[in-house]
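So this is what it looks like as structure tokens:
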């Protein structure tokens with residue numbers, strides 16, 4: 169039975185203070201019963217670029233070095249520094265144990281999401297990230313006949329400025345197993361479209377997406393974190409996914425929205441706002457801190 173979200177949100181709000189990082193996972197569950205090494209910049213170069221004294225102004229007419237582009241994307245801080253890889257239009261941190269991303273961060277503007285008739289998604293193929301040892305890579309064979317979609321964290325639709333940019337989103341280090349019909353092709357896709365709409369109508373949008381593994385209460389009344397793995401490489405299937413959106417409006421003011429969705433079929437009747445969660449909830453569940461250079465008092469509106 170699919171219960172209503174508002175009661176869950178109220179429960180979360182009341183439980184944030186004094187609740188362990190495992191408890192909110194239980195509350196949530198009760199609601200829902202061929203890349204070359206030269207294509208990424210080292211973690212040290214990325215960190216140096218972001219912490220440089222001068223940040224290159226955002227101008228899509230300017231040809232930027234990899235380090236300069238990374239400094240734009242990661243302007244407000246890294247959620248973590250484990251196995252960081254940078255691409256032309258997004259940066260990710262990879263979880264070698266689970267063979268999926270820890271987080272993926274994108275910087276979008278009206279220019280970057282503008283429709284380009286020369287870009288053809290049908291020309292894209294999913295490919296392994298050869299910058300990681302083969303012990304720790306996901307492969308296309310892992311997903312074959314698994315019953316799960318290869319779900320993008322940096323959405324392909326966000327990067328259609330060029331064929332190269334959209335091709336890069338198909339690297340398997342940017343992918344996690346997602347329920348297809350009812351989630352990846354529907355509710356999650358609707359959230360991605362919402363992000364693009366914000367990007368078309370605002371100065372800058374920074375979006376961080378990633379997986380969650382939330383506990384639930386078992387028949388023994390104890391808390392358990394249980395999740396499926398697929399393929400010979402045991403690619404982990406997240407129980408939930410988050411997306412955190414920082415919008416810099418045309419008025420240069422900042423707005424924050426945070427979403428958590430269960431990796432399951434979601435009825436179309438449930439509006440996006442019912443998936444909104446406090447940032448603290450996602451940070452506790454993920455073990456990460458997001459956009460640390462922007463404290464909450466900098467935001468004009470949060471989850472509005």
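Numbering (my numbering), first residue to last: 169 to 472.
From the three backbone atoms N, C-alpha and C, an ideal C-beta is built for every residue, glycine too.
Residues of its chain near residue i, where Cβ-Cβ distance is below 7 angstroms and the 5 sequence neighbours each way are ignored
| i | result |
| --- | --- |
| residue 450 | 410, 412, 426, 428 |
| residue 457 | 247, 451 |
| residue 397 | 403, 404, 405 |
| residue 418 | 370, 371 |
| residue 467 | 422, 423, 424 |
| residue 245 | 459, 460, 461 |
| residue 251 | 261, 262, 264 |
| residue 472 | none |
| residue 278 | 367, 368 |
Where the alpha helix (DSSP H) containing residue i begins and where it ends
| i | result |
| --- | --- |
| residue 454 | 447–454 |
| residue 235 | 234–241 |
In DSSP terms, what residue i is bridged to
| i | result |
| --- | --- |
| residue 356 | Answer is none; residue 356 lacks a bridge partner. |
| residue 422 | 416, 467 |
| residue 379 | 409 |
| residue 404 | 397 |
| residue 444 | 427 |
| residue 385 | 391 |
| residue 249 | Per DSSP, none; premise fails for residue 249. |
| residue 373 | 276, 415 |
| residue 269 | 262 |
Same chain, Cβ closer than 6 angstroms to residue i, neighbours up to 5 away in sequence not counted
| i | result |
| --- | --- |
| residue 227 | Note that residue 227 scores a pLDDT of 45, beneath 50, so its modelled location is shaky and nothing firm can be said. |
| residue 415 | 366, 370, 373, 423 |
| residue 322 | 258, 272, 274, 337, 342 |
| residue 207 | The predicted model places residue 207 with a pLDDT of 46, which falls under 50 and marks its position as unreliable, so this point remains unresolved. |
| residue 267 | 306, 401, 403 |
| residue 327 | 257, 333, 334, 337 |
| residue 311 | 318 |
The beta strand (DSSP E) enclosing residue i, as first and last residue numbers
| i | result |
| --- | --- |
| residue 263 | 258–263 |
| residue 254 | 252–254 |
Sequence-distant residues of its chain with Cβ nearer than 8 angstroms to residue i (five each side left out)
| i | result |
| --- | --- |
| residue 331 | 286, 287, 288, 291 |
| residue 362 | 440 |
| residue 447 | 412, 424, 426, 458, 464, 470 |
| residue 359 | 411, 427, 429, 440, 443 |
| residue 395 | 381, 404, 405, 406, 407 |
| residue 316 | 345, 346, 347, 348, 398, 405 |
| residue 392 | 383, 384, 385, 386 |
| residue 356 | 319, 346, 409, 429 |
Uninterrupted beta strand (DSSP E) stretches inside the stretch 275–357 (no shorter than 3 residues): 317–320, 343–346
Looking at C-beta atoms only, is the number of pairs between the stretch 283–291 and the stretch 247–258 that lie closer than 8 angstroms three or more? no
Under 8 angstroms, with one C-beta from each stretch per pair, do the stretch 372–380 and the stretch 259–276 reach the 3-pair mark? yes
The stretch 302–315 / the stretch 325–341 touching (three or more Cβ pairs under 8 angstroms): yes
At a cut of 8 angstroms, does the stretch 344–360 reach the stretch 293–304 through at least three beta carbon pairs? no
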